[in-house]
C-alpha cells in the first residue's frame, strides 16, 4: 500500500464523524477530507447521479496523492462503492459493511433496525450486507430524512428532535422487539441519545464510524510519523463547513479550501 | 413581448406553489417549469454558486423558447435576480419584490417579520425591498431551515412541525408585536397554518406567490389560447418530484422530463 494520505469524502460534513474515528485510531496518518457541499444532500438523488458524483470526488482525491479512499457517506457507499472499487487503483473502504458486520454479530438471529436516508434505504445495501453475515436476522429499514437537517441545525436533543424521533420510531417501541439498531447515516450519531430514548433506551445502537476506522487501520498499519496533517476541501461554502463541521469532528477546523469538482466543469 | 411559454425555475419543487398561482391567474398560457433537483437546496450555498446555477437554469429555459422568466425561488431571486435581468434578453420576474411590496402596504410603519432560508436572510434582499416601499418599517428576519425538509416530508401540521415553528417563532409571540409576516421561501406556504399558530394566530401572513402571478399577468396580458401546455423538467429524480410535487402544485404532475443542466457538462 502507498504512503500517501488517507482520502475521505462525504456529500457534506457528516463524514467528519468518520474522520474523527480515523484520527483517533491512526493519529499520525495524514488525511485529506473532501466535503461535496455544493451537491449535498446525496440522500434524495438518483443512484446514477450519486455514482457520478462519487467518481468525481474520488478523482479529485486521487490527484491529491491519496493511497487509500474511505467513502464516509452511507448513501454513496450503498450506491457507488462497487463502482469505485472497480475503477480505482487503490483500496476503497465504505461505511456500510463495517456497521452491517457489527450488527450481525450483536443480533445474528434477531431483528435489526437500519436508520438511513431515502437513497440508502431504497438501495437495500444494509439488508444485503447484514444477511451476508447473519442470514437468519430480520432487517427492518426506516428512512429518517429529517435527522440530517436537525443535526446541521444543532437540534439534536430539543423538543423538535425528540418529536421527530418519536414520529419515526415511536411505534417500534411498542411493536415487536428491536435487538439492534444501525445508525446508517453519518449525521445520525449526533442524535444518538434522542434516537436511543425514542427506541426505549435499551436497544444497542451501532455506529459504523468506529468499525470503519478499525478496518482502515488494519489495512494501512499503524505507520505514519509525528503530527498528522489534516487538510479539508469543500465544493461550496467553506465558512459554514468550518463553523458547523467542528461539532461533527469534535475539534476546531482551522482551514478549509474551496475547490470545484469536477474541476473541468465549464 | 414574445409569445413563447412562461418559463419558471426553482431549486426544486417549492416553485410549484408559484406555478400554481400563475396557472390560476393565466389559465391559457403555456408554461415550462425547471426544478434543479440535482443541486437543491440553494439555501445553504454561497452567493457565487447560486448565481451560476441560476444562469445555467435560465439558459436552458431560453433554449426552450420562453418569452418571460419567473425565478420562483426566493434564494435565487435574492442573490441572482439582478444578474439575470442584466444578462437575459427577456423580462425576468422574481418573488422577493412582490412579497416585499405587499408587506410594506400592510404594515408601512410596523414590524415586519421575514421568514426565509439562510442564504435569503443573509442577502438582506427582503429588508432592502421592504424599505424601498416602507422606509419607516422595522424588518426582523428569521432563518427557518427546517421548514423546507418538513414540507417535503409532508410534516406540515404534526407535532414535529409545531415544535419547529414554536422553536423558531415562539419568542416572537411574547415579545414586541409583529404586524405582518412574509413567507419568504416557496416551501413555507405548506406550513402556513402551523406558522400562523406559532405567531399567535392574528398576524397577517404574506405569500408572494399570488402577488408574483399578478405582476406576471399584468406584463404578459391575458392572451394565450385554449388549454395550456404545462411541461416539467428536473435535473434529477423525476419520480420523487412528481410524487411530492403534486402536493405543492395542488394537482397531479403527469409527466416529468429529466435533463442535465448545464447540458454541456462532461
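Chains as they are written, first to last, in our numbering: chain A, 431 to 696; chain B, 431 to 696.
Cβ atoms here follow ideal geometry from the backbone N, Cα and C, with glycine treated the same way.
Quantities reported herein were computed from a predicted structural model and do not represent experimental measurements.
- The continuous beta strand (DSSP E) containing residue 613/A extends over residues 610 to 613.
- Counting along the chain, residue 560/B sits inside the alpha helix (DSSP H) bounded by residues 555 to 563.
- When DSSP states are grouped into helix, strand and coil, residue 604/A belongs to the helix group.
- DSSP places residue 547/A in the coil class of the three-state scheme, outside both helix and strand.
- At a cut-off of 8 Å between beta carbons, residue 476/A contacts chain B.
- Using beta-carbon distances, residue 593/B counts as an interface residue toward chain A, with a partner under 8 Å.
- Around the CB of residue 517/A, fewer than 16 other CB atoms lie within 10 Å, so the residue is classed as exposed.
- Between residue 689/B and residue 490/B, the gap from beta carbon to beta carbon is short of 8 Å.
- Residue 500/A and residue 492/B have their C-alpha atoms some 41 Å from each other.
- Residue pairing of residue 523/A in beta bridges, as defined by DSSP: 500/A.
- In the DSSP assignment, residue 450/B falls outside any beta strand (DSSP E) and lies within the alpha helix (DSSP H) extending over 446 to 455.
- Separation of the CB atoms of residue 600/A and residue 628/A is rounded to 6 Å, and the pair is thereby assigned contact status at 8 Å.
- With contacts defined by Cβ atoms closer than 8 Å, residue 457/A and residue 645/A do not form a contacting pair.
- Assigned with DSSP and collapsed to three states, residue 470/B falls in coil, not helix or strand.
- Annotation for residue 573/B: the continuous beta strand (DSSP E) segment containing it runs 568 to 573.
- The residue among 484/B, 551/B, 565/B with its C-alpha nearest the C-alpha of residue 537/B is 565/B.
- Secondary structure of residue 516/B (DSSP, three-state): helix.
- One thing to note: residue 498/A has its Cβ no nearer than 8 Å to the Cβ of residue 480/A.
- In the three-state reduction of the DSSP assignment, residue 437/B falls in the strand class, which pools E and B.
- Just so you know, the alpha carbons of residue 532/A and residue 590/B end up roughly 32 Å apart.
- Annotated three-state conformation of residue 637/A is strand, per DSSP.
- Secondary structure note for residue 462/A: its beta strand (DSSP E) is the uninterrupted segment 461 to 465.
- Of the residues 441/A, 640/A, 556/A, 572/A, the one whose Cα lies closest to the Cα of residue 454/A is 640/A.
- Contact annotation: residue 445/B and residue 465/B have beta-carbon atoms nearer than 8 Å.
- Residue pairing by DSSP places residue 542/A opposite 569/A, 610/A in a beta bridge.
- Contact of residue 583/A with chain B is assigned, a C-beta pair being separated by under 8 Å.
- The beta carbons of residue 674/A and residue 582/A sit closer together than 8 Å.
- With fewer than 16 other Cβ atoms from the protein chains shown falling within 10 Å of its own Cβ, residue 659/B counts as exposed.
- Here residue 552/B carries a helix assignment [DSSP, helix/strand/coil].
- Neighbourhood of residue 572/B in chain A, by CB distance below 7 Å: empty, with the nearest CB roughly 13 Å away.
- Distance from the CA of residue 534/A to the CA of residue 461/A, rounded to the nearest whole angstrom, comes to 30 Å.
- Bridge partners of residue 617/A according to DSSP: none are assigned.
- Residues of chain B whose Cβ lies closer than 8 Å to the Cβ of residue 590/A are, in chain order, 576, 590, 593, 594, 597.
- In this structure the segment 537 to 557 of chain A does not lie against the segment 663 to 683 of chain A, because fewer than three pairs of beta carbons, one per stretch, are closer than 8 Å.
- Rounded to the nearest whole angstrom, the CA to CA distance from residue 618/A to residue 577/B is 19 Å.
- Contact annotation for residue 479/B against chain A: 468, 666 [CB-CB distance below 7 Å, chain order].
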